[in-house]
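All remarks here apply to the structure that follows.
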Amino acid sequence: MSTHKIAVIAGDGIGKEVVPAAIACLDRIAEVHSLDLEFTYFDWGSEYYLQHGRMMPVDGLEQLAAHHAIFLGAVGSPQVSDAESLWGLLIPIRREFQQYINLRPVKTLDGVTSPLAAKDPIDLLIVRENNEGEYSEVGGRMYRGLPHESAVQETIFTRLGVTRVTRYAAGLAASRRGHLTSATKSNGIVHTMPFWDQVVEETAGLYPEVSLTSELVDALAAHLVLRPWTFDVIVASNLFGDILSDLGSSVTGSIGLAPSANLNPEGDFPSLFEPVHGSAPDIAGKGLANPVGQIWSGAMMLEHLGHPEAADHLQAAFESALREGFGTRDVGGTSSTAEFAAAVLSAIDTLAANQADPTPSPVS
10 MSTHKIAVIA
20 GDGIGKEVVP
30 AAIACLDRIA
40 EVHSLDLEFT
50 YFDWGSEYYL
60 QHGRMMPVDG
70 LEQLAAHHAI
80 FLGAVGSPQV
90 SDAESLWGLL
100 IPIRREFQQY
110 INLRPVKTLD
120 GVTSPLAAKD
130 PIDLLIVREN
140 NEGEYSEVGG
150 RMYRGLPHES
160 AVQETIFTRL
170 GVTRVTRYAA
180 GLAASRRGHL
190 TSATKSNGIV
200 HTMPFWDQVV
210 EETAGLYPEV
220 SLTSELVDAL
230 AAHLVLRPWT
240 FDVIVASNLF
250 GDILSDLGSS
260 VTGSIGLAPS
270 ANLNPEGDFP
280 SLFEPVHGSA
290 PDIAGKGLAN
300 PVGQIWSGAM
310 MLEHLGHPEA
320 ADHLQAAFES
330 ALREGFGTRD
340 VGGTSSTAEF
350 AAAVLSAIDT
360 LAANQADPTP
370 SPVS
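Just so you know, we're using the numbering used here here: the sequence shown kicks off at 10 and counts up by one.
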């Protein structure tokens, strides 16, 4: 049995609540499936920044590189600018470790009421390009404080970047329902988005079993609200994927449900797993945080590490807890973070027992 070394960064705000809840569930799953998960904790984040002037140590990336995966809670604090917290921790990790795929599932969960009136089940994947696009570092500001102060931010798409994210998304679509949707804005953004369209079409064409549809992102956003169940896999640029995935999780009931995986598909570097929600300082420390996004991210981590049965077991457990009415306040329930985690732990044991003894219980 090989040891999986996992770096844990709870970070800020509710990250310090949902990460321990998820780790407890991962520990129980590891026990049931005889996995060896070795967690190493790092106290990096906004509090570290306030003490040291950095979000992580100078050799932080070198320390993380010694692990097989990174499990992150949340980053952000009212005391630290968002640009500092994001560019000081998460984005350097994504880029240094070539985590060019950001995978975000969007799925209807029993026990969670969607704001949509329709009852059709939603089950789609958003594949976000994670290393370039609108979030490039190219640009700057000049004439600060003067009437003609200016700011320039460059969007950079490369053939390599667009090809590899499309290849990954098309491969997923081929393994599912065979429909790939590309988010674009080539009617208004006249250079980068037509280039995106061209490379996406060329790459998707290598997958004859996959049908490709290209939609303008504003119309796609409306489509995600009106008929989200018609989507299978959506491939999008860094900015578009970020926005669409928040919208997708909201139409299923809460952004607190949404997981994500920042993947280096080749396995040359560690991949990072985190919930989509932020640090939520308004509810931090109150026991109100929804740990589903963190727990689900843990299931995605298990899948990535080569343990699909353990991942399915963990996902079935948190879905069971939701189905049984143990949701937190954001999904219409009354459970605290700790109470929901306890319900998931109980469901893990129940599912394991049922699998060991599949004989149906007598009906009373």
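Don't be surprised by glycine CBs; every beta carbon is placed ideally from N, CA and C.
query                                                                                                   : result
Within 9 Å, strictly: CB atoms of alanine 83 and glycine 149                                            : no
Own chain, CB closer than 6 Å to alanine 374, minus 5 neighbours either side, in chain order            : Here the chain covers residues 10 to 373 and nothing more, so residue 374 does not appear.
Cβ-based neighbour list, asparagine 247, same chain, cut-off 7 Å, excluding 5 preceding and 5 following : Arg137, Glu138, Asn139, Glu141, Gly142, Glu143 and Tyr144
8 Å contact criterion, which phenylalanine 106 and asparagine 273 should meet: CB distance rounded      : 6 Å
Secondary structure, alpha helix (DSSP H): runs of 4+ residues fully inside the stretch 14-67           : 24-42 and 55-61
Spatially closest choice to proline 317 from Pro29, Val244 and Ile38, by CA coordinates                 : Ile38
For isoleucine 79: DSSP bridge partner residues                                                         : Ala16 and Leu281
First through last residue of the alpha helix (DSSP H) which encompasses serine 254                     : 247-260
For alanine 197, three-class secondary structure by DSSP                                                : In the sequence as presented, alanine is not what sits at residue 197; that position holds glycine. Coil at glycine 197, not helix or strand.
Residue span of the alpha helix (DSSP H) that contains arginine 186, given as start and end             : Element bounds for arginine 186: n/a, residue is neither H nor E.
Bridge partner(s) assigned by DSSP for methionine 151                                                   : Ser159
Straight-line Cα distance separating proline 279 from leucine 73                                        : 8 Å
Beta-carbon gap between leucine 256 and asparagine 271 smaller than 9 Å                                 : no
Exposure of serine 345, with buried meaning 16 or more beta-carbon neighbours within 10 Å               : buried
Where proline 290 falls: helix, strand or coil (DSSP)                                                   : coil
Proline 371 (DSSP reduced to helix, strand or coil)                                                     : The pLDDT assigned to proline 371 is 49, lower than 50, so where the model puts this residue is not dependable, and the model offers no usable value.
Host beta strand (DSSP E) of alanine 320 (start-end)                                                    : Here alanine 320 belongs to no beta strand (DSSP E); instead the alpha helix (DSSP H) covers 317-332.
Secondary structure of isoleucine 135, DSSP reduced to three states                                     : strand
Any 3 or more C-beta pairs closer than 8 Å across the stretch 91-99 and the stretch 62-78               : yes
Segment limits, beta strand (DSSP E) that includes valine 115                                           : 110-116
Span separating the alpha-carbon of alanine 182 from that of leucine 169                                : 20 Å
Endpoints, beta strand (DSSP E) assigned at proline 268                                                 : 268-272
Best match in Glu348, Ile252, Ile243 and Arg176 for proximity to lysine 295 [C-alpha to C-alpha]        : Glu348
Check whether alanine 78 and lysine 14 have beta carbons under 9 Å apart                                : yes
Bridge-paired residues (DSSP) for threonine 222                                                         : Thr190
Exposure label - valine 27; buried when at least 16 CB within 10 Å                                      : buried
Distance between beta carbons of leucine 360 and alanine 325, contact taken as under 8 Å                : 6 Å
Tryptophan 305: first and last residue of the uninterrupted alpha helix (DSSP H) it sits in             : 301-313
Of the listed residues Trp305, Asp277 and Asp366, nearest to tyrosine 109 (C-alpha basis)               : Asp277
Rounded straight-line distance, which links the Cα of glutamine 364 to that of serine 370               : Bear in mind that the predicted position of serine 370 carries a pLDDT of just 49, short of 50, making it unreliable; the figure below should be weighed with that in mind. About 13 Å.
Alpha-carbon to alpha-carbon, isoleucine 135 and valine 226                                             : 13 Å
Short Cβ contact (9 Å threshold) for valine 260 with valine 115                                         : yes
Beta-carbon gap between threonine 193 and glutamate 224 smaller than 9 Å                                : yes
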